Amino acid sequence: MAKLPILEFPDERLRTKAAPVETVDDEVRQLVDDMLETMYDARGIGLAATQIDVHRRVVVMDISDDNSQPLVLINPRYTPIGDEKDLLSEGCLSIPEHYAEVPRFLKVQLNALDRNGEAYELEAEGLLAHCIQHEYDHLEGVLFVDYLSPLKRDRIRKKMQKRHKQMQDA
Ligand code: NI
0 MAKLPILEFP
10 DERLRTKAAP
20 VETVDDEVRQ
30 LVDDMLETMY
40 DARGIGLAAT
50 QIDVHRRVVV
60 MDISDDNSQP
70 LVLINPRYTP
80 IGDEKDLLSE
90 GCLSIPEHYA
100 EVPRFLKVQL
110 NALDRNGEAY
120 ELEAEGLLAH
130 CIQHEYDHLE
140 GVLFVDYLSP
150 LKRDRIRKKM
160 QKRHKQMQDA
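Just so you know, we're using numbering that gives the first Met the number 0 here: the sequence shown kicks off at 0 and counts up by one.
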């Protein structure tokens, strides 16, 4: 397995729309394993392939406290269950150290393929539902800062650009 570098906002590559996976083969499984390692190492609860500059519809997640429940979503789709929304504070491995409340559907039904290419569905609520919607957005080139006011988004962009300059200068 290999740990992969994560793109950070405002990198334009994060705006790429990902293409569907046609066959879940060994190459895709290797990608999944590398993404899980990268996500766990970065202490995240979700990672989309877009974030490691691979523009295919692959997401990994684990919202457990002890990294014991990896979830693999290949070609995910979700449908809201009801129209109730709630606010949760979200972070993103591509926007480190910034958090903001984002409205998302409280409950969704997820349809996806697993690591073996088998179709599955599950009903998700709360944090898991938020995470599914957040990661799905990545595959569409959308980031949580897009839900904020232009003022807040610009503030985060400037802080991120400063961070990248400091990293380059170091
Ligand atoms: Ni994210």
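Beta carbons: idealized from backbone N, C-alpha and C, even for Gly. These numbers come from a predicted model, not from an experiment.
For the beta strand (DSSP E) assignment, the uninterrupted runs of no fewer than 3 residues enclosed by the segment 101-126 are, from N- to C-terminal side, 106-112, 118-124. Annotation note: the segment 33-75 contains the following uninterrupted beta strand (DSSP E) runs of length 3 or greater, listed N- to C-terminal: 45-47, 57-60.
Short of 6 Å from the beta carbon of residue 34, and not among the five residues preceding or following it, lie these beta carbons of its own chain, in chain order: 46, 59. Between the segment 40-57 and the segment 15-26, the count of C-beta pairs closer than 8 Å reaches three or more; the two stretches touch.
Within the same chain, 33, 36, 37, 40 come within 8 Å of residue 2 by CB-CB distance, once the 5 residues on both sides are set aside. In the displayed model, residue 169 falls within coil according to three-state DSSP, outside both helix and strand.
Comparing C-alpha distances from residue 102 to each of 118, 125, 94 shows the shortest one belongs to 125.
DSSP places residue 1 in the coil class of the three-state scheme, outside both helix and strand.
When the alpha-carbon of residue 30 is set against those of 51, 44, 10, the nearest one is in 51. With a cutoff of 7 Å, residue 126 does not count as near the ligand NI, since its C-beta is closer than that to no heavy atom of the ligand. Ranked by Cα distance from residue 79, the options 71, 123, 89 are led by 123.
Apart from the 5 residues on each side of it in sequence, residue 5 sits with its Cβ closer than 8 Å to the Cβ of 37, 41, 46, 50, 51, 92, 93 in its chain, given in chain order.
In the three-state DSSP reduction, residue 95 falls in the coil class, being neither helix nor strand. In this structure, the ligand NI has a non-hydrogen atom nearer than 7 Å to the beta-carbon of residue 133. Between the alpha carbons of residue 109 and residue 168 lies a distance of about 43 Å. The Cβ atoms of residue 131 and residue 107 sit closer than 8 Å to each other.
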